[in-house]
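S.K.: The listed protein sequences derive, respectively, from chains Y and C.
Going by my numbering, the first residue of the first sequence is number 1, and it counts up by one from there.
Going by my numbering, the first residue of the second sequence is number 346, and it counts up by one from there.
Every residue, glycine too, gets a C-beta built ideally from N, C-alpha and C.
All of these numbers come straight from a predicted model, not from anything done at the bench.
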Amino acid sequence: MDSKVASAPKAKEVALENMLLVSSSPHIRSNESVQRIMLDVIIALVPAIIGSVYFFGINALKLILISIASSMFFEAIIQKAFKKPVTIDDFSAIITGILIAFNLPASAPWWLPIMGSAFAIIVVKQFFGGLGSNFMNPALAARAMLLTSWPAHMSTFTGTRPDVVSAATPLAIMKFGMSADGTASATVESATSATQAAGAELPTLWNLFIGNNPGAIGETSILLLLIGAAYLIIRQVIDWKIPVAYIGSTFVMLMILGVESQFLPYHIMSGGLILGAFYMATDYATSPVTSKGRIIFGIGAGILTAIIRVNGGYPEGVSYSILLMNITVPLIEKFTAPKVFGEVK
Amino acid sequence: MKLRDLTFKGGVAVSDNKGLTNHLSIESAEEPSIVMIPLHQHTGAPCEPVVKAGDEVKVGQVIGQSQAFVSAPVHSSVSGTVKEIASMAIPTGPTVDCVVIESDGKNTMDKSIRPNGKLEDLSPEELIQIIKEAGITGMGGAGFPAHVKFSPPAEKKIDTILIDGAECEPYLTADHRLMVEEPEKIIYGLKVIMKAVGVDRGIIGIETNKPDAIKALKEASKDEENISIATLKVKYPQGDEKRLIDAILGRQVPSGGLPMDVGAVVSNISTTRAIAEAVMEGKPLYERVVTVTGRGIKNPKNLVVKIGTPFKDVIQQCGGFNEGAPGKIVMGGPMMGISQYSIDVPVIKGTGGILVMTEEEAKPEPMHPCIRCGKCIEVCPVHLQPLYLSSYSLKGDFDRAEALHALDCVECGACSFQCPSKRPLVESIRLAKREIIANRKKTN
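#1: Between the C-alpha atoms of residue 601 (chain C) and residue 298 (chain Y), what's the straight-line distance to the nearest angstrom?
#2: Distance check for residue 350 (chain C) and residue 594 (chain C), CA to CA, integer angstroms please.
#3: Closest to residue 34 (chain Y) by C-alpha separation, out of C:767, C:782, C:535, C:381, would be which residue?
#4: Mapping DSSP to helix, strand and coil, what is residue 633 (chain C)?
#5: Does the distance from the C-beta atom of residue 224 (chain Y) to that of residue 211 (chain Y) stay below 8 Å?
#6: On the three-state DSSP scale, how would you describe residue 722 (chain C)?
#7: Helix, strand or coil: how does DSSP classify residue 381 (chain C) here?
#8: Near residue 778 (chain C), what residues of its chain come up, given a Cβ to Cβ distance below 7 Å and the 5 sequence neighbours on each side ignored?
#9: Check the Cβ of residue 285 (chain Y) against every Cβ in chain C and list those closer than 8 Å, keeping chain order.
#10: Using the beta-carbon of each residue, which ones in chain C are nearer than 9 Å to residue 136 (chain Y)?
#11: If you draw a straight line from the alpha carbon of residue 111 (chain Y) to that of residue 247 (chain Y), how long is it in whole angstroms?
#12: Assess, as a yes-or-no matter, whether the stretch 439-449 of chain C is touched by the stretch 500-519 of chain C under the definition of 3 or more beta carbon pairs within less than 8 Å.
#13: I want to see whether chain C comes within less than 8 Å of residue 20 (chain Y), judged by CB atoms only; does it?
#14: Just to check my reading of the structure: residue 630 (chain C) and residue 516 (chain C) have Cβ atoms closer than 8 Å, yes? What is that Cβ distance to the nearest angstrom?
#15: Would the beta-carbon of residue 403 (chain C) fall within 8 Å of that of residue 454 (chain C)?
#16: Is the shortest distance between the beta-carbon of residue 758 (chain C) and the beta-carbons of chain Y less than 8 Å?
#17: Can a CB atom of chain C be found closer than 8 Å to the CB of residue 330 (chain Y)?
#18: What does DSSP give as the partner residues of residue 691 (chain C) in its beta bridges?
#19: Is there a C-beta anywhere in chain C that falls below 8 Å from the one on residue 337 (chain Y)?
#20: Given a limit of 9 Å on CB to CB distance, which residues of the stretch 694-725 of chain C reach chain Y?
#21: State the DSSP-derived secondary structure class of residue 733 (chain C), mapped to helix, strand or coil.
#22: Could you tell me whether the Cβ of residue 29 (chain Y) comes closer than 8 Å to any Cβ of chain C?
#23: For the stretch 503-534 of chain C, which segments carrying the beta strand (DSSP E) assignment without a break, of at least 3 residues, lie completely within its bounds, in sequence order?
#24: May I ask you to list, following chain order, the residues of the stretch 101-132 of chain Y that have a beta carbon less than 9 Å from some beta carbon of chain C?
#25: Taking one C-beta from the stretch 680-689 of chain C and one from the stretch 89-108 of chain Y each time, how about it: are there three or more such pairs within less than 8 Å?
#26: Given that residue 680 (chain C) touches chain Y, what residues does it touch there, using C-beta distances under 8 Å?
#27: Within the 8 Å Cβ cut-off, does residue 762 (chain C) reach chain Y?
#28: Less than 8 Å between the C-beta atoms of residue 679 (chain C) and residue 703 (chain C), yes or no?
#29: Taking only beta-carbon positions, decide if residue 71 (chain Y) is within less than 8 Å of chain C.
#30: Would you call the CB atoms of residue 561 (chain C) and residue 605 (chain C) closer than 8 Å?
#31: For the candidate residues C:470, C:375, C:507, whose alpha-carbon lies nearest to that of residue 612 (chain C)?
#32: Which residues does DSSP list as the beta-bridge partners of residue 552 (chain C)?
#33: DSSP on residue 40 (chain Y), reduced to helix/strand/coil?
#34: Just the Cα atoms here: how many angstroms apart are residue 87 (chain Y) and residue 57 (chain Y)?
#35: On a Cα-Cα basis, can you pick out the residue from C:360, C:379, C:387 that is closest to residue 696 (chain C)?
#36: Taking only three categories from DSSP, how would you classify residue 59 (chain Y)?
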C-alpha cells in the first residue's frame, strides 16, 4: 500500500484492520437453523404423542420416553467412539426416537425400542455418515429390523379399551378376517394378525379418524397427525408434494387393483399411511431434493403400498414401500434435475 | 401487457433494512482533501494516465484514457494538484494504479463541461459518444462500460430498454432516493438510452416496497407514451438483469447469453441518471450517490460522494462508528457486496453503498452438515442445485460441478442466505467457477 495512505493515524488503522472480518458474500443469513427445523417436527408430533397416551395408556408414554432416551444415548456414544463432535443438540435423534416408538404396539416390551434405537442410530444413521447422509429412514429401517427379529412382539396389537387384551388392526381385519384365503399366509406376524382378525369387526370411520382403534401407538390418530402435518406445511418444513402424491397414488392404485370403495377410507386412515406419508417419506436425507423427484417418489411409494396391501403377505406395506423408494432417490434425482434458467437444449 | 406485481421463479424474502436511510434526502458529502482515483474501475481494459505528478487538474478533466473499445475514461473529481500515480488497493479487491490528487478546495470546473444541447438535435452516434466520453459504467456493481452495452451488433434487434429500479439489495437506498428526488432526470436518461439504441419502448421496474418512487416516476412519465412503470414483487434478487427481463418481458436470456439476445438492454437507476447529466450538463461520471448505512455507523446517510474519496472520510462524515468496534465493512449490499479489510480504499463508480455491520452481526454462525432440505434449490433464481455444486466444489471435483451448470450461477447468494445449516454454498460455487474458467484457459 502507498505510503501516503498509510501515513494517517497509524496505530488505530492497524488495530481496525485486524478487527475487520473479511469473507465472501452473502454477509447476512436467514433465521433458519437445523435445530429450529427439528424442533418444528417435534412440536408437530406432540399432539400425536398426547393422543397415543390417551388411547393406549401409560405404557405408550413409557415406550416413547425409553426410545427417545436410548436414541440420544446411542448417538452420543457412537459419536464419542468415532471421535466426532457430539450433535445430540440438533434434536434429530429425538425425532428418530419418537418415530421408532410410534411404530411399536402398546404392548411391546421395554427393551424393544432400545434395540430399535441402537440399530437406527448406530447402523443406519452413523455408519453412513450421520445427519443428512443416511440412505434409509432410520426409524423405518429399525421397524423392519424389529419386525423381522421379533415378529410376535411387533404385531400383537392391543385395543384402546382396557378390557381388550389383543386386537386386530383394521387392515388385518380386511386382509385376513374378511377374505376366504386370508390365513394362507406363511409369515408369523401375519399369522398372528390373522388369528386376531378372525371374526373381528371393523371400527367406525369416526373412531378410525380420531385414533380410537388398534394399531401401532403413533399411527392411529389421523386427526392429531394431520394437525401436526398442517403445522409442518405452514412452517415450510415439509413440502406437500410427497404426502399428497403418496396418499393420492395409494388411493388410485387400490382402486385399480379392485379394492371395494367402502374399504378405501380404511386403507387411507390406517396402517400408518398418514404417519408414513407426512413424517417419514418426507425425511430430508432419504427423499429427493428436486421438486419433480418428490412427486415421483410419492407416487412410487403409493403404488408399492397398494400392491403390498392387496397382493403381498403384509397387511400394511407403508414401511417397506418407503424404504424401497429411499434407495431409488439418487436415481430419481438424476432424472429430475430442474431445468436451468435459459438452458439451451 | 401486464405491468403489476411481476416476479420470477425462485428467490428469497430478505428483511430489507432500508428504513435506516430510505426517508433521508440525498446530501452532498464534504469536499475531500485528497482523492485516489483508480484508473481501472470498470470491466474491460485499464486506462493509461494522461496526467503526471505536479499537473494541475480541474473537476471533470480526463485523467485516464484507453484506446480499447471496452473501456471507460476516468475524470478528476476535484480541482487541484496531482501528487503521484501509484498502485493502491481498491474496494473490488485488486491493486491498481490510482491518480492521487490533492484538492485546492475551489472546485473549479473544467472548461470542457458544458451542456450538449437538446436531445432532439442529437443523433444516436453523438449520444453514444457523449456517454463514452463521460466515462459512464454500470453503477449497479458490474461496472460494464455503458456505451458498449448501447452499441449491440446490428443482428441483435433490441425492442425494449429496461431500467432496474428494483434495488433488491437490503440496506441500499441510493437508487430509491434518486427516483424520489430526481424522477425527471431518470426519465430523461431513459429517453437518451432509447434514442441511442434506437428503441421506442422503455420500462422502469420498481419493487412495491418503494411506493413513493413508483408515484414519482409515474407522475414524471405521465406524458411519455413510450415509457411505462412496472411494479415488481419484493423478492431478492429481482434486480438481477436476467430476473428483471424474465419478470417484465417474460423472456429467458439463454444460458451464457446477454440481455441483447432477447432484445433487451438493461440499465440501472444511478447509471441512467448519470447518462441524463452527461447529456444535459456535459457532466462526466466523477461523483455518485452512496448509501452509508448499517447498525455499526452513527448517522446513516445518502451522500453524493466524489469518486476517489477514501471510505474513512465518508464514514467520518456519518459520525463514525457506533459504540464498539465495527465487525465488517462492506462495499455494496449485504447479499453481494464485497467485505473490506481497510477503510483507506477509495469510493469508485460502482460503490452504491458502504455498509458497516456490528461485531455481533458479523459473527459467523457455526456450520452444520447438509440435511438435504432442498431449500437452496427452491430459492435459486437460476434453478441450479447448490447443494450438489457446493459438495463437488469442496471435494475438488470441478468437472462434475461444471456438468451441473456451475457457470450459470449468478452468485446472488440466495442459497447461502437460506441454508439452515449455514453452509458456504455460493462461496464454494464461486470457487468452482474460478477453477473451471482457469482450466478452460489452460487447455485452450
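M.R.: Reading from the atomic positions:
#1: 35 Å
#2: 13 Å
#3: C:767
#4: strand
#5: yes
#6: helix
#7: strand
#8: 751, 752, 754
#9: 716, 717
#10: Under the 9 Å cutoff, chain C gives no residues; its nearest Cβ is about 13 Å from residue 136 (chain Y).
#11: 33 Å
#12: no
#13: yes
#14: The pair is not a contact, with the Cβ atoms about 23 Å apart (cut-off 8 Å).
#15: yes
#16: yes
#17: no
#18: C:655
#19: yes
#20: 700, 702, 704, 706, 707, 708, 709, 710, 713, 714, 715, 716, 717, 718, 719, 720, 721, 722, 723, 725
#21: helix
#22: yes
#23: 505-510
#24: 129, 130, 131, 132
#25: no
#26: 25, 26, 27, 28
#27: yes
#28: no
#29: no
#30: no
#31: C:507
#32: C:577
#33: helix
#34: 32 Å
#35: C:387
#36: helix
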